[in-house]
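Here is the structure we will look at.
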Amino acid sequence: MKYTLRFVFLYLRYILQWLLVAAVIGVCCGAVGAVFYLGVSEATALRTEYSWLLFILPAAGPVIVWMYRKFGLGNMGTDAVIDAAREGDELPFRLLPAIFLGTLITHLFGGSAGREGAALQIGGVIANRIGTHLFHFDDQTMRIVTMCGMSAFFTALFGTPLTATMFVAMFVDVGRIYTAAIFPSLTASMIAFVVSLRLGMHPFCFFVTIPAFSPSTLLRVIVLAALAGLVSTLFVKTLHFTAKVYQKYLKNPYLRAAVGGLLIVGLTLAVGTRDYNGAGTDVIQRALEEGKASYFAFLLKILFTAVTLEAGFKGGEIVPTFFIGAVFGCAFGPILGLPATFAAAVGLAAMFAGATNSIIASIFLALEVFGGGGILYFAAGCVISFIASAYDSLYGSQKIVFSKLRADELEIHPSKEAHENSQRVLEAYERDWERKMNEKKNKENEEDK
134 MKYTLRFVFL YLRYILQWLL VAAVIGVCCG AVGAVFYLGV SEATALRTEY SWLLFILPAA
194 GPVIVWMYRK FGLGNMGTDA VIDAAREGDE LPFRLLPAIF LGTLITHLFG GSAGREGAAL
254 QIGGVIANRI GTHLFHFDDQ TMRIVTMCGM SAFFTALFGT PLTATMFVAM FVDVGRIYTA
314 AIFPSLTASM IAFVVSLRLG MHPFCFFVTI PAFSPSTLLR VIVLAALAGL VSTLFVKTLH
374 FTAKVYQKYL KNPYLRAAVG GLLIVGLTLA VGTRDYNGAG TDVIQRALEE GKASYFAFLL
434 KILFTAVTLE AGFKGGEIVP TFFIGAVFGC AFGPILGLPA TFAAAVGLAA MFAGATNSII
494 ASIFLALEVF GGGGILYFAA GCVISFIASA YDSLYGSQKI VFSKLRADEL EIHPSKEAHE
554 NSQRVLEAYE RDWERKMNEK KNKENEEDK
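Numbers 134 to 582, taken from our numbering, label the letters of the sequence shown in order.
Here it is in structure tokens:
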């Protein structure tokens, strides 16, 4: 009885501790997130109203590079926050104003980027600061605290607390779930959601008509999702290839940013539309609500985003991932016999699963963005895309712990060369094949005896 009471006391103590920590993080991330959301929205509106702002982009890039160097951040980004969530490291507070201003500059002048990269970084920094200087937590506890901030700020921008919670709990090490982070992260996310709503944030959600369930429709969804998984691999590899090209031919970061800005201006003038500048949420909306998208839109967005982000501009890759998935599904879904708007929704969720290696978060994303209807379609699509995307990822610091098709432990890092990861997978499969052959041989020998 004595030990039971001690256990209950300690259990309640930890619950109250996390409620307090989550409340502080949620309020701070919700407020700052709403300001950031409104800032990006205003930057987008200004760029739309004053089209000449695009031509300042080549000069804006070097300013971002200078700012990061002035703050002593180098090229620090989301991968550093992932490492902090894994190791409990402290993040420099100066990363917050740098990514905040860098993302606003990118959006204002027409770079192709999202805003969730800033969400994960700013949220991680805010929570990291709160955990270190207000509550004085140890490194072990700081892992959870950093995840709380990431999920809370993500929610403050998108209005998806379930998605944010499961994404942060599962995407750091794919195959492992940081269950201890779920309760405080969800609490912080819900509080951030309420705060950001009150301050003017509009949730990322759409009404999409879902077809009645049928095996034939499910099969079509599976085919589309498999293709979306391949497209996500193309997107990730294009980012990596573009980074290598920049590093090889434009070693000076200021020159790289300026040339990247010039390329975006040239590409925009060549295609004759501003659809691929900024986040492109209006294009996503068009695909999901009107079923309109060109066949080449997904390729162009891949190109614009790779040229922008790898040149040194700031933002994120997830909204471009939504864009690519939505327009791909919208354009090619009808060829498979799927309604364009529904196919756009499947493509969006499937691309997110493939590019980030996060199945559960992608299913929750479909649930929160498109409602509860057709959840089996979205679940099947996310699983298939996750498998089809192999072992690539938007985040080099992400670690894929297990094989996607077997129970083998792989410990793959997407930042490593593709052939290294492929070799590791092949070796695991060969070991399994040899084991099966030996078992079969031993069984045959026993039967002969």
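Ideal Cβ positions, reconstructed from N, Cα and C, are used throughout, including at glycine. Computed from a predicted model, the values in this text were never measured in an experiment.
Residue i - containing alpha helix (DSSP H), residue span
{"i": "Lys381", "result": "Pro348 to Tyr382"}
{"i": "Ile263", "result": "It is not in any alpha helix (DSSP H) - Ile263 carries neither H nor E in the DSSP assignment."}
{"i": "Ile533", "result": "Counting along the chain, Ile533 falls outside any alpha helix (DSSP H), though it belongs to the beta strand (DSSP E) covering Lys532 to Phe535."}
{"i": "Ala464", "result": "Ile451 to Phe465"}
{"i": "Tyr386", "result": "Correcting the residue type first, residue 386 is Pro in the shown sequence and not Tyr. Start and end: Pro386 to Val404."}
{"i": "Arg276", "result": "Asp272 to Phe291"}
{"i": "Thr342", "result": "That residue, Thr342, is in no alpha helix (DSSP H); it is neither H nor E in DSSP."}
{"i": "Lys498", "result": "The displayed chain sequence assigns Leu, not Lys, to residue 498. Residues Ile492 to Phe503."}
{"i": "Gly487", "result": "Ala473 to Thr489"}
{"i": "Tyr510", "result": "Ile508 to Ala521"}
{"i": "Phe429", "result": "Neither: Phe429 is in no alpha helix (DSSP H) and is coded neither H nor E."}
{"i": "Val416", "result": "Thr414 to Gln418"}
{"i": "Val301", "result": "Pro294 to Phe304"}
Residue burial classification, residue i (beta-carbon count within 10 angstroms, cutoff 16)
{"i": "Phe475", "result": "buried"}
{"i": "Pro230", "result": "exposed"}
{"i": "Val208", "result": "In the sequence on display, residue 208 carries Asn and not Val. Per the 10 Å Cβ criterion, exposed."}
{"i": "Gly205", "result": "exposed"}
{"i": "Thr137", "result": "exposed"}
{"i": "Asn385", "result": "exposed"}
{"i": "Tyr170", "result": "buried"}
{"i": "Val364", "result": "buried"}
{"i": "Trp151", "result": "buried"}
{"i": "Lys537", "result": "buried"}
{"i": "Phe482", "result": "The displayed chain sequence assigns Ala, not Phe, to residue 482. Flag for Ala482 reads buried."}
{"i": "Thr312", "result": "exposed"}
{"i": "Pro348", "result": "exposed"}
{"i": "Ile263", "result": "buried"}
{"i": "Arg596", "result": "Since the displayed the chain opens at 134 and closes at 582, residue 596 lies outside it and no answer follows."}
{"i": "Ile148", "result": "exposed"}
{"i": "Gln273", "result": "exposed"}
{"i": "Gly405", "result": "exposed"}
{"i": "Gly256", "result": "buried"}
{"i": "Glu422", "result": "exposed"}
{"i": "Tyr528", "result": "buried"}
{"i": "Phe142", "result": "exposed"}
{"i": "Gly505", "result": "exposed"}
Residue from the options with nearest C-alpha to residue i
{"i": "Ala459", "options": "Pro191, Ile238, Ala478 and Val364", "result": "Ala478"}
{"i": "Met200", "options": "Arg248, Gly445, Asn490 and Leu436", "result": "Gly445"}
{"i": "Arg219", "options": "Ser245, Phe268, Ala192 and Ala314", "result": "Ala314"}
{"i": "Phe346", "options": "Phe340, Val354 and Phe339", "result": "Val354"}
{"i": "Ala583", "options": "Glu182, Ile158, Gly194 and Val305", "result": "Past the edges of the chain, shown from 134 to 582, lies residue 583, and the structure says nothing about it."}
{"i": "Phe233", "options": "Asp272, Thr320, Tyr311 and Gln254", "result": "Gln254"}
{"i": "Ala155", "options": "Ser174, Lys381, Phe142 and Asn261", "result": "Asn261"}
{"i": "Arg407", "options": "Val165, Tyr183, Phe511 and Ala488", "result": "Tyr183"}
{"i": "Val356", "options": "Ser427, Ala513 and Lys203", "result": "Ala513"}
{"i": "Phe437", "options": "Leu143, Tyr409 and Arg202", "result": "Tyr409"}
{"i": "Pro294", "options": "His269, Ala321 and Thr454", "result": "Ala321"}
{"i": "Ser526", "options": "Thr211, Glu423 and Lys203", "result": "Thr211"}
{"i": "Tyr319", "options": "Phe503, Phe497, Tyr528 and Phe535", "result": "The question names Tyr, but residue 319 is Leu in the sequence shown. Of Phe503, Phe497, Tyr528 and Phe535, the residue nearest in Cα terms is Phe497."}
{"i": "Glu443", "options": "Gly462, Leu421, Leu388 and Gly399", "result": "Leu388"}
{"i": "Tyr524", "options": "Lys370, Ser174 and Val404", "result": "Lys370"}
{"i": "Tyr379", "options": "Ser329, Leu352 and Leu396", "result": "Leu396"}
{"i": "Phe429", "options": "Ile457, Glu422, Ala488 and Gly411", "result": "Ile457"}
{"i": "Val196", "options": "Val516, Phe511, Leu237 and Ala164", "result": "Leu237"}
{"i": "Leu351", "options": "Phe511, His269, Ser518 and Phe142", "result": "Phe511"}
{"i": "Gly235", "options": "Thr375, Ser530 and Lys447", "result": "Lys447"}
{"i": "Leu360", "options": "Ile493, Phe465 and Phe535", "result": "Phe465"}
{"i": "Phe519", "options": "Thr366, Gly172 and Met299", "result": "Thr366"}
{"i": "Ala252", "options": "Leu145, Phe140, Gly172 and Leu509", "result": "Gly172"}
Anticipated Cβ contact below 8 angstroms, residue i with residue j, distance rounded
{"i": "Val198", "j": "Leu228", "result": "Going by Cβ atoms, the distance from Val198 to Leu228 rounds to 15 angstroms, so no, they are not a contact pair."}
{"i": "His240", "j": "Ala176", "result": "4 angstroms"}
{"i": "Gly244", "j": "Leu179", "result": "About 14 angstroms separates the two Cβ atoms, so there is no contact after all."}
{"i": "Gly292", "j": "Ser522", "result": "Contact doesn't hold; Cβ gap of about 26 angstroms is too wide."}
{"i": "Lys434", "j": "Pro453", "result": "6 angstroms"}
{"i": "Ser491", "j": "Met303", "result": "6 angstroms"}
{"i": "Phe485", "j": "Ser495", "result": "5 angstroms"}
{"i": "Pro472", "j": "Thr342", "result": "7 angstroms"}
{"i": "Ile533", "j": "Val307", "result": "4 angstroms"}
{"i": "Val392", "j": "Phe188", "result": "Incorrect: roughly 15 angstroms between the Cβ atoms, too far for contact."}
Residue i at chain C interface by Cβ criterion, 8 angstroms
{"i": "Val196", "result": "Among the chains of the structure shown, chain C does not appear; only one protein chain is present."}
Tell me the start and end of each unbroken alpha helix (DSSP H) in the segment 189-245 that is at least 4 residues and wholly inside, in chain order.
190-203, 211-220 and 228-242
Could you pull out every unbroken alpha helix (DSSP H) segment of at least 4 residues lying fully inside the segment 314-340, listed in chain order?
Inside the segment 314-340, DSSP marks whole alpha helix (DSSP H) runs of 4 or more residues at positions 315-331, from first to last along the chain.
Within the segment 155-180, ranges of the alpha helix (DSSP H) (whole runs, at least 4 residues)
none
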